[in-house]
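Our numbering runs 207 ahead of the 1-based position in the sequence shown. The C-beta atom is built at its ideal place from N, Cα and C for all residues, glycine as well. Bear in mind the structure is a predicted one, so any value in this text is a computation, not a measurement.
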Amino acid sequence: MTKILLVSFLLLSTILSAKVQDKWKINAGAMFVTNFETEMRLTPNNTPIGVRINTKDQLGMENDTGVFRLDGYYRLTDTHSIDFSFFSVRSNGDRVINQDIKWDGDDISAGAKITSHFDMNVYKVNYGYSFYHNEKVELALTAGLHVTTLDIGLGARGTVNGTLTNTYSSSASATIPLPVVGFKGEYTIIKDSLFVNYKADYFVLNYDGFTGSLISTALNVEYRFVEQVGVGLGFNSNKIYLEAKDDDKTLDITNELSGVLLYFTYVY
């Protein structure tokens, strides 16, 4: 055990004393959600389109206040890099509704007790091309893939389609891969210590049963208290519209998510 601890200490000392190459960068922390608004609709194909349901106002869904988030990049060369990002949001609701709603072609009457969930995972991988880079400023164009997985469900105890029931449930899930283009930049305020960075991703697509649009922005300030390790504080905003259509049903979602980012950053 002593030998293992000694070897681990020596390896850690070597890593921390090594010259920073900025080859890898990893940010790990939390997004503290300040706004989460979702409207959703699930409709059988070839039937009248229903009204979207507001998950917060009508279903009483509450979202996680703290969401784990992972971001970073691998720099292939001074000009080329691969960026990655992941976060996940979970919402659950439990409410007696005070107005009729339509979901999956079914009419759920006011007075029914509704339980609901909305789970969303977001994965992003981008290629970055740095077209301007000096000691103070780096500017890059990005292009890649934004993958959103959705799992949504409603359960009801009450009157559904004019019949009293305690067992109604209906759910839908989708995996939606969409291409994105974007921009990122970083400005060095104090060399090797204080930085400001900005990222933006966009997409609009209508193809093969998928329709989507996204605007995602993040503005962060980072301080490295040692050469390779630091902390970051920022703000992230995402606005997304997704429609997924299969042979039977059409699911469409409008989601706005924003929050404060607090994370540790490690560069090597």
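Run through DSSP, which three-state label would Ile-304 get?
Three-state result, Ile-304: coil.
Return helix, strand or coil for Val-332, following the three-state DSSP convention.
Correct three-state label for Val-332: strand.
Give the DSSP-derived three-state secondary structure of Val-258 in the structure shown.
Note: Val-258 maps to coil in three-state DSSP.
Shortest alpha-carbon distance to Leu-469 belongs to which of Asp-290, Lys-232 and Ala-237?
Of the listed residues, the one whose Cα sits closest to Leu-469 is Ala-237.
DSSP three-state label for Leu-283, please.
Reduced to three states, the DSSP call for Leu-283 is coil.
Would Thr-349 pass as an interface residue toward chain D - the criterion being a Cβ-Cβ separation below 9 Å?
The structure shown contains no chain D; it is built from a single protein chain.
Where does Glu-434 sit, in a helix, a strand or coil, going by DSSP?
It is coil, neither helix nor strand.
Near Ser-376, what residues of its chain come up, given a Cβ to Cβ distance below 6 Å and the 5 sequence neighbours on each side ignored?
Hits under 6 Å: Gly-362.
Given that a residue counts as buried once 16 or more other Cβ atoms are within 10 Å of its Cβ, and exposed if not, what is Thr-374?
So Thr-374 ends up on the exposed side.
Check the C-beta distance from Glu-429 over to Gly-416 and give it rounded, since I have them as a contact under 8 Å.
About 40 Å; that fails the 8 Å criterion.
Excluding sequence positions up to five away, which residues of its chain have a Cβ less than 6 Å from the Cβ of Trp-231?
Cβ neighbours of Trp-231 beyond the five flanking positions: Tyr-281 and Tyr-475.
Where does Ala-425 land, buried or exposed, given buried means 16+ other C-beta within 10 angstroms?
Under this definition Ala-425 is a buried residue.
Excluding five sequence neighbours on each side, which residues of the same chain lie with their C-beta closer than 6 Å to the C-beta of Thr-418?
These residues qualify, in order along the chain: Glu-450.
How do the region 460 to 468 and the region 237 to 254 stand: do at least 3 beta-carbon pairs fall below 8 Å, yes or no?
Segments in contact, yes.
With distances taken Cα to Cα, identify the nearest neighbour of Tyr-405 among Ser-423, Ile-397 and Tyr-414.
Comparing Cα-Cα distances from Tyr-405 to each of Ser-423, Ile-397 and Tyr-414, the minimum goes to Ser-423.
CB Ala-379 to CB Lys-456, shorter than 9 Å?
Yes, they are a contact pair.
Taking 9 Å as the threshold (C-beta atoms), are Val-387 and Lys-343 in contact?
No, these two residues do not count as a Cβ contact at 9 Å.
Would you say the region 351 to 365 touches the region 316 to 325, given that touching needs at least three Cβ pairs under 8 Å?
These segments touch.
Rounded C-beta distance between Phe-296 and Met-247? I'm assuming under 8 Å.
One point to set straight first is that residue 296 is Val, not Phe, in the sequence displayed. Not a contact, Cβ separation roughly 14 Å.
If you draw a straight line from the C-alpha of Asp-311 to the C-alpha of Leu-249, how long is it?
Asp-311 and Leu-249: Cα-Cα distance of roughly 5 Å.
Spatial neighbours of Ile-233 within its chain, please: C-beta separation below 6 Å, excluding the five flanking residues on both sides.
So the qualifying residues of the chain are Gly-279 and Tyr-473.
For Val-329, I'd like the list of residues in its chain whose CB is within less than 6 Å of its CB, leaving aside the five on either flank, ordered along the chain.
Contacts found: Phe-294 and Thr-355.
Report back the beta-carbon spacing between Tyr-334 and Ile-289 to the nearest angstrom; my notes put them in contact at under 8 Å.
Right, the Cβ-Cβ distance comes to about 6 Å (below 8 Å), so this counts as a contact.
Just the C-alpha distance for Gly-257 and Met-268, rounded to the nearest angstrom, thanks.
Approximately 20 Å, taken between the alpha carbons.
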